[in-house]
Structures are given as structure tokens and as C-alpha cells.
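Have a look at the structure below before the remarks.
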Amino acid sequence: MERERNGRQRCATLSSRVTSLESQLMALRKEVETEAAKFNEELERRDREVARLEAEKIKLEEALAEAKRSNVSLKESLAVERAAVEAEKRRNALLQQQQQKQNEPPTQHQHPNSQQKGTPCSPRSSPTLSFGHASLDDSITSSTWLPLEDGYHDGRSVNGVFEGHAGIMAAAMTASSSSSSLIESLQSQLKLRDGEVQQLQWEVGRGESERNALTAEVSSLTAKLSEMEASLASAEADNGRLSDLQTKYDALLQMYGEKVEETEELRLDLQDIKEMYKSQIDQLTKKGGNS
Numbered sequence: 001m002e003r004e005r006n007g008r009q010r011c012a013t014l015s016s017r018v019t020s021l022e023s024q025l026m027a028l029r030k031e032v033e034t035e036a037a038k039f040n041e042e043l044e045r046r047d048r049e050v051a052r053l054e055a056e057k058i059k060l061e062e063a064l065a066e067a068k069r070s071n072v073s074l075k076e077s078l079a080v081e082r083a084a085v086e087a088e089k090r091r092n093a094l095l096q097q098q099q100q101k102q103n104e105p106p107t108q109h110q111h112p113n114s115q116q117k118g119t120p121c122s123p124r125s126s127p128t129l130s131f132g133h134a135s136l137d138d139s140i141t142s143s144t145w146l147p148l149e150d151g152y153h154d155g156r157s158v159n160g161v162f163e164g165h166a167g168i169m170a171a172a173m174t175a176s177s178s179s180s181s182l183i184e185s186l187q188s189q190l191k192l193r194d195g196e197v198q199q200l201q202w203e204v205g206r207g208e209s210e211r212n213a214l215t216a217e218v219s220s221l222t223a224k225l226s227e228m229e230a231s232l233a234s235a236e237a238d239n240g241r242l243s244d245l246q247t248k249y250d251a252l253l254q255m256y257g258e259k260v261e262e263t264e265e266l267r268l269d270l271q272d273i274k275e276m277y278k279s280q281i282d283q284l285t286k287k288g289g290n291s
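Under the UniProt record's numbering, the letters of the sequence shown match residues 1 to 291, in that order.
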């Protein structure tokens, strides 16, 4: 009877342990499945995010390189335009100086062959026009103030002199008009070039702003990639923890199987003991009935 009672107690203890192990195994299996699903989902999400950030980083780096090339091209164009504008300014200033010299009031030059004061002059000593070394204004001035002596010039001589003066004046006016037109045209071109230079400067500034914005965005994406790499490292650590959990689960599963086998053996032993006691009780009962 003592042996049967001990066997029953041991069987109950083992059954309780098996039940506890089953509960632990069920909870552990559920935890492992939950952790595995969460890990796989997080890993897939991070892989997608890393791929997206990598693609966006490549795109922004290409845009940044294009912006740098465009900025260099704009700076070169700006330098060329500035050089052209400076050349136009120098040319315009030179032409303005020439026009100012032409527009200066004429000065009267005393001809070396002019009549001396108080000395009579022969009719053939009248001054002649000279264009060898004199400027256009000097020629006009000298020709305009030629003295007409009484008793020498006839009508044809006077008319010829005035006709020559008129031709010279017309040539001077034409030259002055063409110079003014040329200067106005150059000033117009200079204003146009100034506008082009300002436009190029604005485009260069805009290119600089775009390049700075792209650089900041690339830096931000690089920081995000670093964070994602750190997150992936953490995920790998979680994967190691999951592997440890799987190992623990396998060990508990093996222990559970061993306990189940041990419980089955004890159940069979208990059954044998019950049968043995039952047969003994039957034999004793029969003996008591015979006596």
C-alpha cells in the first residue's frame, strides 16, 4: 500500500510538472512566434527604408553634381560678360572723350601770313586753307575767319570760299552726328550687357542657394542612413536574442518530451502495481471465502 501511495504521489507530481511545462512551452512558443513575426516585419520595413534612402541619396548627389556644373558654367559666362562689359565701357568712354574734344568751342588761330598791323599786304598774300596737321575743328575755325580784303576778291572768289566753308561744316556736322549715334548705340548695348550681367549674377546666386539646399538635404539623408544602419545593427542583436530564445525553446521542448516519456513510464508502472494489488486482493478474498 505504501508503494502504491508513493507511486500515486510521484505520478501526481510528475503530472503537475508536465502541466507546468506544457504551460511554459505554450507561452514560450507564442512569444517566439510573436517575436519572430515582429522581427521579420521590422527587418523588411528597414530594408525598404534603407533602399529608399539610398535611391534618394543617389538622386540628390546627381542633382548636386549637376548644380555644381551649372554654377561653374554660370560663373564662366559671368566672367566673360563682365570682361565684355568692361571693354564696352572703355570703348564708350574713349568715344565720349573724342566727342567732347570735338564739341569744344573753336579757338581762333592767327595765320602766319596774315596782315601785320599797319603794314599793307599784297593782294596775293591772303591765307590759304591747310588740312595737313590741323584737326577738323581747327580747319573749320581757320577757314571760317579768313579776312576778306577790300579791292581784291571778286564775286567768284567770295562764293568759292563760302562754298568750301559750307562743305567743311556739313562734313563736321555729319561726323558729329555719326559719333553721337555710335555712342548712343554703344550706351544701349552697354545697358543691355549690364542687364545680362545682373541676370547671370541672379542665376549664380540661385544656383548657390540650390546647391546649399541640396548639400543640406544630402547631409540629412546621410544622418538618416547612419540611424538606419544603427537600427539594423540593433535588429541583428535582436536576431541573436531570438536565436537564444529559439535555443531555449528547443531545450524546453526536449525536456518536455523527456518528462512525457517519464510520466508515461510511471503511469504504466502504476497500472502494473494496481493490477498486482488487485490480484493479491482477489487471492486474499478467495482464501478468506474458502476458510
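C-beta atoms are modelled at their ideal positions from N, C-alpha and C, and glycine is treated no differently.
One question on the structure: do residue 218 and residue 85 come within less than 8 Å of each other, judged by their Cβ atoms? Position 218 of the sequence shown, counted from the start, is the residue given in the question as residue 218. Position 85 of the sequence shown, counted from the start, is the residue given in the question as residue 85. Going by C-beta atoms, residue 218 is not nearer than 8 Å to residue 85.
According to DSSP, is residue 104 part of a helix, a strand, or is it coil? Residue mapping note: residue 104 aligns to position 104 of the sequence shown, counting from 1. Three-state result, residue 104: coil.
Pairwise C-alpha distance: residue 201 and residue 48: Position 48 of the sequence shown, counted from the start, is the residue given in the question as residue 48. Position 201 of the sequence shown, counted from the start, is the residue given in the question as residue 201. Cα-Cα distance, rounded: 42 Å.
Let me know if residue 74 comes out buried or exposed under the rule of 16 or more other beta-carbons within 10 Å of its beta-carbon. The count along the sequence shown starts at 1 and reaches residue 74 at position 74. That one is buried.
For residue 255 versus residue 50, is the C-beta spacing smaller than 8 Å? Taking the first residue of the sequence shown as position 1, residue 255 is located at position 255. Taking the first residue of the sequence shown as position 1, residue 50 is located at position 50. Not a contact, by the Cβ cut-off of 8 Å.
Which residue from 186, 29, 33 and 288 puts its Cα closest to that of residue 95? Taking the first residue of the sequence shown as position 1, residue 95 is located at position 95. Of the listed residues, the one whose Cα sits closest to residue 95 is 186.
Please report the straight-line C-alpha distance between residue 286 and residue 272, rounded to a whole angstrom. In the sequence shown, the residue the question calls residue 286 occupies position 286. In the sequence shown, the residue the question calls residue 272 occupies position 272. Roughly 21 Å separates the two Cα atoms.
Classification of residue 37 by the beta-carbon crowding that lies within 10 angstroms, buried from 16 upward: Taking the first residue of the sequence shown as 1, we reach residue 37 at position 37. It counts as exposed.
Would residue 214 and residue 64 qualify as a contact pair, given that the criterion is a beta-carbon distance under 8 Å? Here residue 214 corresponds to residue number 214 of the sequence shown, with the count starting at 1. Here residue 64 corresponds to residue number 64 of the sequence shown, with the count starting at 1. For residue 214 and residue 64, yes; Cβs fall inside 8 Å.
Return the CA-CA distance between residue 194 and residue 80, expressed in angstroms with no decimal places. The sequence position of residue 194 within the sequence shown is 194, counting from 1. The sequence position of residue 80 within the sequence shown is 80, counting from 1. One C-alpha to the other measures close to 12 Å.
Selected residue, minimal CA-CA separation from residue 235, among 26, 39, 21 and 15: Translated into the one-based positions of the sequence shown, residue 235 becomes position 235. It is 39 whose Cα lies nearest to the Cα of residue 235.
Tell whether a beta-carbon distance below 8 Å holds between residue 88 and residue 190. For the purposes of this step, residue 88 is taken as residue 88 along the sequence shown, with counting starting at 1. For the purposes of this step, residue 190 is taken as residue 190 along the sequence shown, with counting starting at 1. Cβ distance < 8 Å, so residue 88 and residue 190 count as in contact.
Report yes or no: do the segment 247-262 and the segment 13-30 share at least 3 C-beta pairs separated by less than 8 Å? yes
Assuming residue 266 and residue 14 form a contact by the criterion Cβ under 8 Å, report the distance between their Cβ atoms to the nearest whole angstrom. As a first step, residue 266 must be located in the sequence shown, where it is residue number 266. As a first step, residue 14 must be located in the sequence shown, where it is residue number 14. With a Cβ gap of about 6 Å, residue 266 and residue 14 count as contacting.
Have a look at residue 220 and residue 238 and give me their C-alpha separation to the nearest angstrom. The sequence position of residue 220 within the sequence shown is 220, counting from 1. The sequence position of residue 238 within the sequence shown is 238, counting from 1. Looking at the two C-alpha atoms, the distance is approximately 27 Å.
Is it buried or exposed for residue 268, if we count other Cβ within 10 angstroms and need 16 for buried? What you label residue 268 is simply residue 268 of the sequence shown in a count that begins at 1. Classification of residue 268: exposed, given that the 10 Å Cβ count is below 16.
Is there at least one Cβ from chain B nearer than 8 Å to residue 27's Cβ? Of the chains in the structure shown, none is chain B; there is only one protein chain.
For residue 60, count neighbouring Cβ atoms within 10 angstroms of its own Cβ and tell me buried if that reaches 16, exposed if not. Within the sequence shown, residue 60 is the residue found at index 60, counting from 1. So residue 60 counts as buried.
Suppose only complete runs of 4+ residues qualify. What are the alpha helix (DSSP H) ranges in the segment 254-285, listed by chain order? none
Excluding the five sequence neighbours on either side, which residues of its own chain have a C-beta within less than 8 Å of the C-beta of residue 46, listed in chain order? Taking the sequence shown and counting its residues from 1, one reaches residue 46 at position 46. Cβ neighbours of residue 46 beyond the five flanking positions: 228, 231, 232 and 235.
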